[in-house]
Each structure stands twice: as C-alpha cells, then as structure tokens.
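Let me begin by presenting the structure, written as structure tokens, before commenting on it.
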Amino acid sequence: MNTSSHGADLVISGAVKTFVTPEKVQLNAVDNVSFTINHGEFFVMLGPSGCGKTTLLRSIAGLESLDAGSITLGSQRIDTLAPHQRPVNTVFQSYALFPHLTVAQNIAFGLEMERKSKAEVSSTVNEMLALVRLTELANRKPAQLSGGQQQRVALARALAKKPLVLLLDEPLAALDLKLRRGMQEELKRLQETTGITFVFVTHDQEEALSMGDRIAVFNSGKPVQIGTPEEIYEQPVNRFVADFIGESNFITTHVIDKGGKQMIQLAGGDAVALPHNVETVDGKVTIAIRPERISLNAAGPKLATGTITNIVYMGTDLRCTVQLQDGTDVAVRVPPPFGVDLQKVGATVSLSAETSSIRPMAPEGN
Amino acid sequence: MNSLLKSPRVKTPNPKRPGQIGFWGTIPALIIGLLFTVGPLAIIVIYSFLSRPYSGGGVDYKFTLEPYIGFLFQADFVGNVTFDPRYLQVFLDSLQQATVTTVVCFVLAFPLAIWMATRPEKVQNLLVLLVTIPFWTSLLVRTYAWMLILNDNGIVNTISKSLGLGSHELLYTPFASQIGLIYTFLPFMVLPIYSSLAGFDFRLAEAAYDLGARKMSVVRKVLLPIAVPGIISGILLVFMPAFGSYVQPVLLGGGKFLLIGNLIADQFGQSRNWPFGAALSVIILVMLMLALIIIAVYSRRSGRKVELAL
C-alpha cells in the first residue's frame with residue numbers, strides 16, 4: 001500500500017462539505033475547493049478557526065467524507081477509500097496517543113495493523129525512535145512524557161506507516177513558544193529527510209510563513225490565495241489576506257486618473273502612482289501598506305504628513321501611531337537606531353514608502 | 367545573625383490544606399465501621415472455630431476445626447470419616463451460577479457501555495439515570511415482579527399460550543434464579559464499564575482508524591484495554607454478591623436447588639448449626655479476599671487503578 005511513488009501529487013477538485021449548524025443553517029465548511037499539493041512539499045493550510053482547513057484535512061484522512069468532489073493521490077482516487085486504505089496518516093492536535101501503550105507500542109500500532117512481521121515492526125520502531133530522538137523513552141507511557149515528547153511520539157507513530165502524505169492538524173498549538181520553535185525546526189528537518197508530503201494546518205501566520213514551501217490562506221471554506229510565503233506576504237490578493245498575514249494599514253482614498261495611470265494623494269502628501277491600475281468602487285481604492293515599509297521623515301516624495309500620537313517601545317523596533325491630517329491612523333514600525341527627534345509624541349512627521357510597497361486591494365468579495 | 371536569632375518566632379500556620387478534614391472528623395464513621403462491619407466479621411470467624419452445642423443453636427466456647435472438616439468430610443455413626451462432596455457440589459453450583467451471571471452480564475454490558483459512552487453528554491446522563499432506576503425500588507419487590515412475569519399464568523406464559531406454544535414451567539427453576547441474578551446485577555456491570563469509558567477520548571478511535579485499524583480492532587486494541595479497570599471492577603461487583611446470593615435462588619429458584627447463600631441461611635435457621643454456617647461464610651470470605659489480592663497485585667504491576675466503585 002505505502003509504496004513510494006514519485007510525482008504522487010495530492011489533487012483536490014471540487015471538494016464540498018456541508019454541515020448543518022444547530023440553528024439549522026446549511027454551512028459549507030469546504031466550499032467547492034480545488035487545488036493541487038505537490039509531491040514532497042511542505043504545504044500549509046492557514047486560516048482563522050472555522051475556515052474549513054481542518055475539515056478539508058480530515059476529508060483527506062478519511063475521517064470526514066466529502067459531499068461532492070474528489071481527492072486523488074497520484075493516479076489513485078482516495079476519497080472513496082476507508083481511512084485504513086489510504087496511504088495517508090495524521091498527527092492530531094491532541095496527539096491522541098494510546099494511554100495504555102508504551103511509546104514503542106504506540107509507534108508499533110499502525111504497523112501491527114498491517115500485520116507486518118515482528119522483526120520488521122521492531123526495526124521500524126527503532127528507526128522511528130531514533131528519528132524523533134526518543135530511543136531512551138521507548139518504554140514510558142504517554143502520561144510520563146512532556147508535551148513536546150508526546151508530540152514527537154505522535155509524529156513517529158504516523159511516520160512509521162511511511163505514508164505518502166502526512167497530515168498535521170495544528171500539531172504545535174498546545175506547546176509553549178520556545179518548544180514550538182524547536183518543534184518547527186524539527187518538523188522541517190523531518191520533512192526534508194523523509195521527503196514525505198506534509199500538509200500542515202495552522203492558524204498561526206508566523207508558523208505558516210516560517211515553515212511552508214507554499215501556503216493556502218483559507219477564509220469561509222475556501223482558499224483565498226495560494227502561494228509561497230513571500231508571495232502571500234508581499235502580494236496579498238485582498239484585504240483578508242493582507243490583514244491575516246502580518247500587519248497592514250488600510251487606507252481608502254480617491255483615485256486620480258493622470259493620463260490613464262492611477263494615482264492617489266493622501267492628506268499632506270504628494271501624488272503617488274499606484275504600482276498597477278485597479279478596479280475602483282465609486283472612484284475610490286483601498287491600499288494596504290505594511291507598518292515596517294513606511295519610513296518617517298525620509299527624503300523623496302511624501303506619501304502623507306501627520307502627527308505622532310503614540311509610541312510603544314517594542315525592543316526590536318518602535319511602534320508609532322501617526323494620525324494623518326484627515327484623521328486616519330497609520331501604524332509605523334521604526335527600526336533602530338531610533339532618532340531622538342522621532343521619539344516625541346506630538347511631533348509632525350512625513351511618511352514615505354516605495355511604490356512597490358503600496359498594495360491596492362481588489363474590491364472585497366473577490 | 368544576631369537579629370535573626372532575636373526575631374520573634376513566626377507562628378507556623380496550620381499545615382492543614384484547605385478542603386481537608388482532620389482525623390477527628392472520621393471518628394464517627396470509624397466507630398460505625400468497626401462496630402458493624404469488622405465486628406460481625408470477627409464474630410463469624412470466631413464462631414467458625416467453635417463447637418456446636420447439643421441444643422443446636424448458638425455455640426459452645428470450645429475450639430474445634432469440625433465445621434471446616436464437615437465441609438468436605440462426613441463422619442458416620444461408627445466414627446469413620448469419609449470424603450463427602452455434597453457441600454462441595456453446592457459450592458461448585460454457586461460458583462457456576464455466579465460465573466454464568468458474570469459472563470452474561472459482561473456480554474450484555476460491554477456493548478451497552480460503549481454505546482452509552484458515545485452518546486452526547488446530556489443523553490449520557492439520562493442513560494445513567496435509566497440504568498440506576500432499578501435501585502429506586504426494593505430488590506424484594508422487583509423479585510416478586512419477576513415471579514409475576516414467570517409464573518404459570520404470568521406474562522410470558524400468557525403470550526406463549528396465545529401463540530399456541532403452550533405453557534412452560536419457568537418459575538422455581540434454576541433458569542428463573544439465573545435470570546433473576548442477571549437482571550439484578552446487570553447495572554453493577556454496566557456502570558463501572560461505562561464510567562471507565564465515559565472519559566474516553568474518541569479521537570483515540572479516530573487515531574486508530576487513521577493508523578489502519580478496522581472497527582473490531584479499534585474495539586479490541588483500544589476500547590477494551592482502556593475499559594479493563596471498569597471490567598474488573600464490574601466482574602467483582604457482580605461475581606461476589608451473585609456467589610452468595612440468597613433472594614433469587616429462594617424466591618425464583620424456589621429454594622429447590624441448594625446454593626451457598628441459602629445453605630448458610632439454613633445453618634442459622636432450620637439446621638441450627640451456627641459454627642458450620644460461620645465456617646461456610648469464612649470460606650467465601652477467604653476466596654473473595656484472594657481475588658481482591660490478585661487484583662491489587664495486577665493494579666500495582668500495570669500501574670492502573672482498579673476502583674471498586676460504580
């Protein structure tokens with residue numbers, strides 16, 4: 001079953017899963033979703049809770065069945081198979097380790113279900129224990145392990161089956177920050193050494209950016225944008241993505257047409273060309289700018305002028321709130337060295353930004 | 367240093383942790399326990415080593431092992447002592463009836479307990495309440511109800527007759543006694559198994575499916591091992607009282623078949639042989655204690671708590 005085959009891409013097409021809420025409302029948890037997860041990539045499904053990412057993951061595992069659409073892995077259609085027939089394994093958010101079995105027995109469970117020979121089971125178990133560095137704890141019960149160790153057992157148990165695709169359902173959510181960083185690196189290492197396709201669900205955008213080869217940002221049952229971390233961060237397609245990934249200032253303003261080229265002019269600023277023309281709503285456009293892409297009192301064309309209303313010292317940078325003359329608040333991150341004159345609330349400053357950092361947003365509902 | 371020595375002694379706060387009650391609070395329960403549990407037990411053990419007076423009832427304060435010897439051997443008028451398996455047979459019959467009761471209760475209770483534990487929480491509470499309904503009325507009343515169901519003109523026979531299947535003798539048979547025992551002790555099997563599964567994280571079952579297990583393997587490899595403490599506790603709660611049961615063999619079995627429970631009752635009643643009755647009780651006691659010790663050893667070895675509670 002779990003023979004490794006190259007180019008076993010996971011193709012999801014037209015997937016629909018509908019739930020009926022307690023208020024008797026039909027809710028499309030997965031709303032006509034189609035995309036492809038490439039063989040051997042670290043694919044992250046990111047989104048707020050209730051966006052359908054976990055339901056889709058469970059559908060791939062076979063723990064939920066789709067109402068419409070199909071999932072194929074390589075040439076094999078898997079959404080019609082029972083969970084135990086799919087070359088796919090899951091690391092659960094709660095780890096779901098068997099409390100009555102030792103670490104080694106937990107890892108062996110899936111292999112015993114395949115009726116592998118004793119010798120094969122024990123050699124795979126040892127290999128997995130070494131892979132997740134738990135050889136010394138092989139005879140402990142899950143209750144005697146720390147959260148991070150339990151996590152690694154859950155990983156080893158799923159990887160022991162040598163699946164073509166490993167599904168990870170918010171596996172790091174229960175760990176504290178330091179442990180999570182360590183596990184992120186470990187997961188990345190495991191994915192690179194095993195070459196198995198990882199499908200990783202998270203609601204933590206930082207985790208998604210640091211780990212994913214590609215990220216799918218989900219909202220209300222479907223992916224809004226799929227791309228590399230850089231694409232998602234630098235070129236968010238709409239306001240939801242720009243807001244969910246990192247921080248963004250959203251400013252809605254009139255568009256001035258100058259010889260077919262769209263420009264904007266904010267309060268106290270110069271006319272600035274948009275990087276590309278966009279569809280406008282009532283002659284207005286919303287632009288997104290990252291706080292760290294705005295510089296204060298820099299030379300060159302000004303985007304706007306305003307007054308500093310608040311300064312928060314964050315250690316790595318200063319977080320200033322600048323109120324523009326028309327009352328709009330703009331967040332700005334000032335990197336060190338911090339100019340003394342900047343650190344005063346009430347100071348008047350000019351804001352400027354590279355044209356490429358100004359992202360005009362497509363109208364909502366896109 | 368000096369100032370430290372001179373500093374006034376800090377009064378250590380009462381080390382009692384909140385929510386703990388001191389030893390003195392347990393005195394009333396201890397007294398009741400000693401008087402009414404340990405006391406009678408001690409009397410039984412002592413009586414079992416005493417002689418039977420000529421008058422029949424009561425005891426003579428003379429040490430003898432006769433009651434225990436009498437369990438297995440019989441002395442005839444001449445004084446020849448021969449092996450007599452009649453009491454042993456009663457013992458084995460009781461053992462059989464208790465074993466059948468326990469096995470049937472387990473077979474019925476395990477799927478029921480799994481089903482209960484998989485219901486939504488509110489439904490679970492209701493189901494537990496339903497299982498405990500029999501406890502609301504006296505066992506005697508419920509046993510009389512069974513007599514009404516099973517007797518010659520009872521519900522079962524009425525239906526059987528109207529279907530043309532004729533009348534069957536159900537009441538006052540070992541079968542009736544067996545049915546009564548299973549009925550009485552079923553809740554004692556359901557509840558501990560249910561409670562060992564109630565906290566069961568059904569994501570474990572999902573994980574097992576995900577790792578390639580089929581439905582039966584999930585039950586065998588995950589649910590069953592996790593329910594083991596509940597199963598053991600259920601077996602004890604059913605087997606122990608079923609072994610020494612009295613009401614069902616007498617009322618439903620018609621007292622025709624001697625079981626250890628009514629044999630003991632007989633010794634203190636008609637037969638007027640108190641030391642022998644006491645000795646029989648001690649034999650049961652020792653057997654059950656052995657079972658408990660084995661379970662305690664298992665519990666310690668496996669590191670899992672087996673609770674004798676519902």
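Which chain is which? The protein sequence lines are A and B, in order.
Per our numbering: the first sequence = residues 1 to 366.
Per our numbering: the second sequence = residues 367 to 676.
Cβ coordinates follow ideal geometry from the N, Cα and C atoms, glycine included.
Would you mind stating whether L368 (chain A) and G259 (chain A) have Cβ atoms separated by less than 9 angstroms? Here chain A has residues from 1 to 366 only, and residue 368 (chain A) is not among them.
Strictly under 9 angstroms for the Cβ-Cβ distance: is A216 (chain A) near chain B by that measure? Position 216 of the first sequence, counted from the first residue, corresponds to residue 216 (chain A). False, the Cβ-Cβ gap to chain B never drops below 9 angstroms.
For R586 (chain B), which beta-bridge partners are listed by DSSP? Your numbering for residue 586 (chain B) matches position 220 in the second sequence. According to DSSP, R586 (chain B) bridges with nothing at all.
In chain order, which alpha helix (DSSP H) runs of at least 4 residues are fully inside the stretch 565–637 of chain B? 569–576, 581–584, 590–609, 613–617 and 626–634
Can you list, in chain order, the residues of the stretch 135–163 of chain A whose Cβ is nearer than 8 angstroms to any Cβ on chain B? K141, R157, A158 and K161
Report the start-end ranges of each beta strand (DSSP E) in the stretch 35–91 of chain A that is 3 residues or longer and not cut off at the edges. 42–46, 68–73 and 88–91
Around the C-beta of D326 (chain A), are 16 or more other C-beta atoms found within 10 angstroms, so that it is buried, or is it exposed? What you label residue 326 (chain A) is simply residue 326 of the first sequence in a count that begins at 1. With fewer than 16 other Cβ atoms within 10 Å, it is exposed.
The stretch 431–448 of chain B contacting the stretch 638–649 of chain B, beta-carbon criterion three pairs below 8 angstroms: yes
Would you call the CB atoms of A574 (chain B) and V594 (chain B) closer than 9 angstroms? Within the second sequence, residue 574 (chain B) is the residue found at index 208, counting from 1. Within the second sequence, residue 594 (chain B) is the residue found at index 228, counting from 1. No.
Pull out every residue of the stretch 574–601 of chain B whose Cβ sits closer than 9 angstroms to any Cβ of chain A, in chain order. A574, Y575, D576, L577, G578, A579, R580, S583, K587, V588, P591, I592 and V594
Where E234 (chain A) and T355 (chain A) are concerned, what is the direct C-alpha to C-alpha distance, given to the nearest angstrom? Here residue 234 (chain A) corresponds to residue number 234 of the first sequence, with the count starting at 1. Here residue 355 (chain A) corresponds to residue number 355 of the first sequence, with the count starting at 1. Each residue's Cα considered, the two are about 13 angstroms apart.
For G619 (chain B) versus T539 (chain B), is the C-beta distance shorter than 9 angstroms? Along the second sequence, read from residue 1 onward, the residue named residue 619 (chain B) stands at position 253. Along the second sequence, read from residue 1 onward, the residue named residue 539 (chain B) stands at position 173. Their beta carbons are under 9 angstroms apart, which means G619 (chain B) touches T539 (chain B) by this criterion.
Per DSSP, T18 (chain A) is paired with what? Within the first sequence, numbered from 1, the residue matching residue 18 (chain A) stands at position 18. T18 (chain A) is bridged to A:N28.
Please confirm if D567 (chain B) has its CB atom under 9 angstroms from at least one CB of chain A. Start at 1 with the first residue of the second sequence, and residue 567 (chain B) comes out as number 201. Yes, its Cβ sits closer than 9 angstroms to a Cβ of chain A.
What number of angstroms, rounded off, separates the C-alpha of V224 (chain A) from the C-alpha of V241 (chain A)? Start at 1 with the first residue of the first sequence, and residue 224 (chain A) comes out as number 224. Start at 1 with the first residue of the first sequence, and residue 241 (chain A) comes out as number 241. Looking at the two C-alpha atoms, the distance is approximately 7 angstroms.
Does any residue of chain B bring its CB to less than 9 angstroms from the CB of F200 (chain A)? Locating residue 200 (chain A) in the first sequence gives position 200, counting from the first residue. Chain B contact via Cβ: absent.
Under 9 angstroms Cβ-Cβ, which residues of chain B neighbour M113 (chain A)? Taking the first sequence and counting its residues from 1, the one referred to as residue 113 (chain A) is at position 113. Within 9 angstroms Cβ-Cβ: A574, L577, G578, A579, R580, S583 and K587.
Who are the Cβ neighbours of K344 (chain A) in its own chain at under 6 angstroms, not counting the five residues just before and after it? Within the first sequence, numbered from 1, the residue matching residue 344 (chain A) stands at position 344. Cβ within range, chain order: n/a, list empty.
Measuring CB to CB, does L97 (chain A) end up less than 9 angstroms from V153 (chain A)? Walking along the first sequence from the start, residue 97 (chain A) turns up at place 97. Walking along the first sequence from the start, residue 153 (chain A) turns up at place 153. Closer than 9 angstroms, so yes.
Are there three or more Cβ pairs, one per stretch, closer than 8 angstroms when the stretch 47–64 of chain A is compared with the stretch 8–16 of chain A? yes
Buried or exposed: which applies to V556 (chain B), given that a residue is buried once 16 or more other Cβ atoms fall within 10 Å of its Cβ? Within the second sequence, residue 556 (chain B) is the residue found at index 190, counting from 1. Answer is buried; the Cβ neighbour count reaches 16.
If you reduce the DSSP assignment to three classes, tell me which class G300 (chain A) lands in. Against the first sequence, residue 300 (chain A) aligns to sequence position 300. Correct three-state label for G300 (chain A): coil.
Any beta carbon of chain A sitting closer than 9 angstroms to that of K570 (chain B)? Mapped onto the second sequence, residue 570 (chain B) falls at position 204. Checking the displayed sequence, the identity of residue 570 (chain B) turns out to be Leu instead of Lys. Yes, its Cβ sits closer than 9 angstroms to a Cβ of chain A.
Under the rule that 16 or more other beta-carbon atoms within 10 Å means buried, what is I659 (chain B), buried or exposed? By one-based count along the second sequence, residue 659 (chain B) stands at place 293. When all chains shown are included, I659 (chain B) counts as exposed.
How long is the line joining the alpha carbons of P641 (chain B) and Y420 (chain B), rounded to whole angstroms? To locate residue 641 (chain B), count along the second sequence from 1; it is residue 275. To locate residue 420 (chain B), count along the second sequence from 1; it is residue 54. So the alpha carbons of these two residues sit roughly 13 angstroms apart.
Check whether the Cβ atoms of P500 (chain B) and P558 (chain B) lie closer than 9 angstroms to each other. Here residue 500 (chain B) is taken as the residue at index 134 of the second sequence, counted from 1. Here residue 558 (chain B) is taken as the residue at index 192 of the second sequence, counted from 1. Not closer than 9 angstroms, so no.
Span of the alpha helix (DSSP H) holding L167 (chain A)? Your numbering for residue 167 (chain A) matches position 167 in the first sequence. From DSSP, L167 (chain A) is part of no alpha helix (DSSP H) but of the beta strand (DSSP E) over V165 to D169.
Is S94 (chain A) close to chain B? Criterion is C-beta to C-beta, closer than 9 angstroms. What you label residue 94 (chain A) is simply residue 94 of the first sequence in a count that begins at 1. Taking Cβ atoms only, chain B reaches closer than 9 angstroms to S94 (chain A), which makes this a yes.
Which first and last residues belong to the beta strand (DSSP E) in which A427 (chain B) is found? Taking the second sequence and counting its residues from 1, the one referred to as residue 427 (chain B) is at position 61. Inspection of the sequence shows that residue 427 (chain B) is occupied by Tyr rather than by Ala. Where Y427 (chain B) is concerned, the enclosing beta strand (DSSP E) stretches over D426 to F429.
Find out if the Cβ-Cβ distance for the pair V332 (chain A), I358 (chain A) is shorter than 9 angstroms. In the first sequence, counting from the first residue as 1, residue 332 (chain A) sits at position 332. In the first sequence, counting from the first residue as 1, residue 358 (chain A) sits at position 358. Cβ atoms of V332 (chain A) and I358 (chain A): not closer than 9 angstroms.
Strictly below 7 angstroms CB to CB, what residues from chain B border H84 (chain A)? The count along the first sequence starts at 1 and reaches residue 84 (chain A) at position 84. Those are Y575, G578, A579 and R580, listed as they occur along chain B.
Close-in-space but distant-in-sequence residues of the same chain around V456 (chain B) (CB under 7 angstroms, 5 per side omitted): Position 90 of the second sequence, counting from 1, holds the residue named residue 456 (chain B). For V456 (chain B), where only same-chain residues beyond five positions count, the Cβ hits under 7 angstroms are L624, L625, I626 and L629.
Meets three-Cβ-pair contact criterion under 8 angstroms: the stretch 211–220 of chain A and the stretch 30–48 of chain A: yes
Could you list which residues in chain B have their beta carbon closer than 7 angstroms to that of F19 (chain A), in chain order? Numbered from 1 along the first sequence, position 19 holds the residue referred to as residue 19 (chain A). Simply none; closest approach about 16 angstroms.
Opposite D442 (chain B) in the DSSP bridges: which residues? Start at 1 with the first residue of the second sequence, and residue 442 (chain B) comes out as number 76. Answer is none; D442 (chain B) lacks a bridge partner.
Could you check whether G315 (chain A) and V30 (chain A) sit closer than 9 angstroms to each other, using their CB atoms as the reference points? Translated into the one-based positions of the first sequence, residue 30 (chain A) becomes position 30. Translated into the one-based positions of the first sequence, residue 315 (chain A) becomes position 315. Cβ atoms of V30 (chain A) and G315 (chain A): not closer than 9 angstroms.
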